[in-house]
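To start, the structure under review is shown below, and the notes come after it.
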Amino acid sequence: MKRSFFHLLTVLTVTSGLVSIHTAQAQAAKAGVQEFDPQAFPGQVVDDVVVPVPSEVFSVLDKLGEPNWQQELREIDFPKTGDRTKLALQFGMTVAEGFVAVQAEDKETVKDIGRDVIDLATALGLIKSVRPHAQAILDAADKGDWASIRKEFDQTQKTVRDTMEQMKDADLSQCVSMGGWLRGTASVTSVVSKNFNPDRAELLNQPMLVEHFISTIGKMGSSVKEHGNVSDISKGLKDILGKMEGAVDGFTKDAVRDIGKTCDTLLSGITAAK
Numbered sequence: 004m005k006r007s008f009f010h011l012l013t014v015l016t017v018t019s020g021l022v023s024i025h026t027a028q029a030q031a032a033k034a035g036v037q038e039f040d041p042q043a044f045p046g047q048v049v050d051d052v053v054v055p056v057p058s059e060v061f062s063v064l065d066k067l068g069e070p071n072w073q074q075e076l077r078e079i080d081f082p083k084t085g086d087r088t089k090l091a092l093q094f095g096m097t098v099a100e101g102f103v104a105v106q107a108e109d110k111e112t113v114k115d116i117g118r119d120v121i122d123l124a125t126a127l128g129l130i131k132s133v134r135p136h137a138q139a140i141l142d143a144a145d146k147g148d149w150a151s152i153r154k155e156f157d158q159t160q161k162t163v164r165d166t167m168e169q170m171k172d173a174d175l176s177q178c179v180s181m182g183g184w185l186r187g188t189a190s191v192t193s194v195v196s197k198n199f200n201p202d203r204a205e206l207l208n209q210p211m212l213v214e215h216f217i218s219t220i221g222k223m224g225s226s227v228k229e230h231g232n233v234s235d236i237s238k239g240l241k242d243i244l245g246k247m248e249g250a251v252d253g254f255t256k257d258a259v260r261d262i263g264k265t266c267d268t269l270l271s272g273i274t275a276a277k
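Sequential numbering of the sequence shown, starting at 4, is according to my numbering.
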């Protein structure tokens, strides 16, 4: 298994995932791949945790082979809401959808997602910071400049998280991460299920990522932690973690599908009117 393959779920979702350095080293050794070097990996090391650079996801997704990314795209229709927690989750989900649209090289969908980014950023009060990235995405889509679009989606996610943290909205910043992680994981489970093999399925085995999100939710303020979507995500993540911990001999196709169904259910809740 190639090193970049091993890091798929780590960098994918997002856009925002976190994985223990020690766990990464142990899993790499077990898989017989090159030892994990946190200094060489494109990310930052914060409190013994690797924070990946989102743009790396694209080079990794390319190595999944040639799945029909067009089939993986989902039409998202967000209801109008002033609920900032739901908006943050939707923002992360939207950026992750943008990653899939770039893989599909679908100009019109990328432009639609760029406009969704503008709408969500406006609702979150972040449009001043996000507008330059969103406009760059729209302009690059007209030209079919996929490299620039990848860069802008990468920067959009980072800008939103950084701005939220500056505004003392760290909990909502984490919601952006979780929304993206769920959409990214749903996409991977779909691709893996359609062409299942044990090595590909092992890409989903990232318990440290899931444990991180569960722990993060537990530390959130009550207004976010007790939000219906976040509460459901906490329960869903515990179910996913159980699947990962139970995959001692590797994932089965049914287990992969179950993880995908859990993600899909949680994503449906994020896009629901209530």
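We treat Cβ as the ideally placed atom computed from N, Cα and C, and that holds for glycine.
Because the structure is a prediction, the values reported are computed rather than measured.
Practice prompt. Tell me whether residue 126 is buried or exposed, calling it buried when 16 or more other Cβ atoms sit within 10 Å of its Cβ.
Written response: So residue 126 ends up on the buried side.
Worksheet item: Taking DSSP as the reference, what is the three-state secondary structure of residue 128?
Response: Coil, per DSSP.
Worksheet item: Taking Cβ to Cβ, would you say residue 152 is nearer than 7 Å to residue 143?
Response: Result yes, Cβ atoms of residue 152 and residue 143 sit closer than 7 Å.
Fill in: Residue environment, residue 101, which counts as buried when at least 16 other CB atoms sit within 10 Å
By the beta-carbon neighbour count (other beta carbons within 10 angstroms, threshold 16), residue 101 is buried.
Worksheet item: Is residue 77 helix, strand or coil when you go by DSSP?
Response: Residue 77: coil per DSSP, three-state reduction.
Worksheet item: Is there contact between the stretch 70-82 and the stretch 155-174, where contact requires at least three CB pairs shorter than 8 Å?
Response: A contact between stretches requires three or more CB pairs, one per stretch, nearer than 8 Å, and the stretch 70-82 fails this requirement with the stretch 155-174.
Discussion item. Does residue 200 come out as helix, strand or coil in the three-state DSSP assignment?
Written reply: In the structure shown, residue 200 sits in coil (DSSP, three-state: anything other than H, G, I, E or B).
Worksheet item: residue 73 and residue 107 look like a contact to me (Cβ under 8 Å); what is the Cβ gap, rounded to whole Å?
Response: Between residue 73 and residue 107 the beta-carbon gap is near 5 Å, inside 8 Å, which marks them as a contact.
Worksheet entry | Option nearest residue 207 by Cα separation, candidates 172, 230, 257 and 179 | Taking only the C-alpha atoms, the option nearest residue 207 is 257.
Worksheet item: Within this structure, are the beta carbons of residue 244 and residue 210 separated by less than 7 Å?
Response: Yes; because the gap between Cβ atoms is below 7 Å, this pair is in contact.
Practice prompt. Indicate whether the contact test is met: 3 or more Cβ pairs, each with one atom in the stretch 87-99 and one in the stretch 178-192, closer than 8 Å.
Written response: They touch, by the three-pair rule.
Item to complete: Identify whether residue 144 lies in helix, strand or coil by the three-state DSSP scheme.
Response: In the three-state reduction of the DSSP assignment, residue 144 falls in the helix class, which pools H, G and I.
Worksheet entry | For residue 107, the first and last residue of its enclosing alpha helix (DSSP H) | For residue 107, the enclosing alpha helix (DSSP H) starts and ends at 87-107.
Worksheet item: In its own chain, which residues sit with a C-beta less than 7 Å from the C-beta of residue 249, not counting the 5 before and 5 after it?
Response: For residue 249, where only same-chain residues beyond five positions count, there are no Cβ hits under 7 Å.
Worksheet item: Are the beta-carbon atoms of residue 232 and residue 262 separated by less than 7 Å?
Response: Between residue 232 and residue 262, the C-beta spacing is not below 7 Å.
Item to complete: Give the single residue among 234, 123 and 186 whose Cα lies nearest to the Cα of residue 266.
Response: When only C-alpha atoms are compared, the closest one is 186.
Worksheet item: DSSP on residue 222, reduced to helix/strand/coil?
Response: Coil.
Worksheet item: Can you tell me the Cα-Cα spacing of residue 134 and residue 157, whole angstroms?
Response: Rounded to the nearest angstrom, the gap between the Cα atoms of residue 134 and residue 157 is 14 Å.
Worksheet item: How about residue 99 and residue 175: are their beta carbons less than 7 Å apart?
Response: With respect to residue 175, residue 99 sits apart: the two C-beta atoms are not nearer than 7 Å.
Fill in: Pairwise C-alpha distance: residue 252 and residue 139
Within the model, the alpha-carbon separation for residue 139 versus residue 252 is close to 46 Å.
Practice prompt. Please report how far the alpha carbon of residue 226 lies from the alpha carbon of residue 177, in whole angstroms.
Written response: Roughly 14 Å between the two C-alpha positions.
Discussion item. Once the 5 residues before and after residue 132 are set aside, which same chain residues still bring their CB inside 8 Å of it?
Written reply: Counting only Cβ-Cβ distances below 8 Å, and skipping sequence neighbours, we find 124, 162, 163 and 166.
Item to complete: Tell me whether the beta-carbon of residue 195 lies closer than 7 Å to the beta-carbon of residue 204.
Response: Yes, these two residues count as a Cβ contact at 7 Å.
Worksheet item: According to the Cβ coordinates, are residue 220 and residue 228 closer than 7 Å?
Response: For the 7 Å CB-CB criterion, residue 220 and residue 228 form a contact.
Worksheet item: Taking buried to mean at least 16 other C-beta atoms within 10 Å of its own C-beta, is residue 83 buried or exposed?
Response: Classification for residue 83: exposed.
Practice prompt. Report yes if the C-beta distance between residue 121 and residue 104 is below 7 Å; otherwise report no.
Written response: No, the Cβ-Cβ distance between residue 121 and residue 104 is not below 7 Å.
Discussion item. For a quick check, are the C-beta atoms of residue 136 and residue 111 less than 7 Å apart?
Written reply: With contacts defined as CB atoms closer than 7 Å, residue 136 and residue 111 fail to qualify as a contacting pair.
Worksheet entry | Own chain, CB closer than 6 Å to residue 150, minus 5 neighbours either side, in chain order | So no residue of the chain qualifies.
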